[in-house]
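*Asks:* Numbering (the UniProt record's numbering), first residue to last: 1 to 171.
Idealized CB from N, CA, C, for every residue including glycine.
(1) Tell me which residue opens and which closes the alpha helix (DSSP H) that residue 133 is part of.
(2) Excluding the five sequence neighbours on either side, which residues of its own chain have a C-beta within less than 6 Å of the C-beta of residue 117, listed in chain order?
(3) Excluding sequence positions up to five away, which residues of its chain have a Cβ less than 6 Å from the Cβ of residue 68?
(4) So what's residue 49 in DSSP terms, helix, strand or just coil?
(5) Since residue 99 contacts residue 4 with CB under 8 Å, what's their CB separation in whole angstroms?
(6) Alpha carbon to alpha carbon, what distance is there between residue 143 and residue 56?
(7) Assign residue 1 to buried or exposed, taking buried as 16 or more other Cβ atoms, counted over all protein chains shown, within 10 Å of its Cβ.
(8) Spell out whether any CB of chain D is found under 8 Å from the CB atom of residue 129.
(9) Taking contact to mean at least 3 C-beta pairs separated by less than 8 Å, is the segment 87-106 in contact with the segment 36-55?
(10) So what does DSSP say about residue 167, is it helix, strand or coil?
(11) Could you pull the start and end residues of the beta strand (DSSP E) that residue 245 belongs to?
(12) Determine the DSSP secondary structure at residue 117, reduced to helix, strand or coil.
(13) Thinking just about the alpha-carbon of each residue, which of 120, 61, 152 and 11 is nearest to the one in residue 91?
(14) Please identify the residue among 141, 26, 131 and 149 whose C-alpha is closest to the C-alpha of residue 85.
(15) For the alpha helix (DSSP H) containing residue 20, list its first residue and its last residue.
(16) From the DSSP output, which residues share a beta bridge with residue 57?
(17) Note down, in chain order, each residue of its chain lying with its Cβ closer than 6 Å to the Cβ of residue 13, except the 5 sequence neighbours on either side.
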């Protein structure tokens, strides 16, 4: 059973998982994700980071950071950007990524964020299947990888405090 724990992104367990993610990027893309990140961006109330544990072992992670970037027309006030989603290879296929994503959406909505946005890559078929199946839809490119031909961009309205109601989200 996966147990999610809120931790700083620079906690040793989070750093270990992020290192595994960067290794995955090296294998799939030939290089690490070079998106500029400040660990403080993932501190509440403007961010959140979780690590998932199974039998005390860190196996999954992900976070969100507020993106109220007025200089990027694809981003909106109230956006939460999902970053550093990862599940260790030997723990994939058990729904852990979906559980981490749901927790990130829940905490972002509780913090008043209205939309979750993210960038993923074509060499990650698992992610390219997960996000649309979780209600994410394609949006215009944004951020660090806006001009990458291998990047795809998605967004999903959040429900809850600050997010749309079920009725307004359906419109």
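*Replies:* Concretely, from the data shown:
(1) 125-133
(2) 79, 81 and 155
(3) Within the same chain, and ignoring the five residues on either side of residue 68 in sequence, the residues whose Cβ sits closer than 6 Å to its Cβ are 77.
(4) Of the three classes helix, strand and coil, the one that applies to residue 49 here is strand, per DSSP.
(5) 7 Å
(6) 35 Å
(7) Using a 10 angstroms sphere on the CB of residue 1, the tally of other CB atoms stays under 16, which defines it as exposed.
(8) Looking at the structure shown, chain D is missing, and only one protein chain is on hand.
(9) yes
(10) Residue placement at residue 167 is poorly supported in this model, since its pLDDT is 32, which falls under 50; the coordinates still yield a value, given next. Here residue 167 sits in helix by DSSP.
(11) Limits of the chain in this structure are 1 at one end and 171 at the other, which puts residue 245 out of reach.
(12) Strand, per DSSP.
(13) 61
(14) 131
(15) Membership of residue 20 in the alpha helix (DSSP H) is indicated by the continuous run 12-29.
(16) According to DSSP, which records beta bridges pairwise, residue 57 is partnered with 54.
(17) 51 and 58
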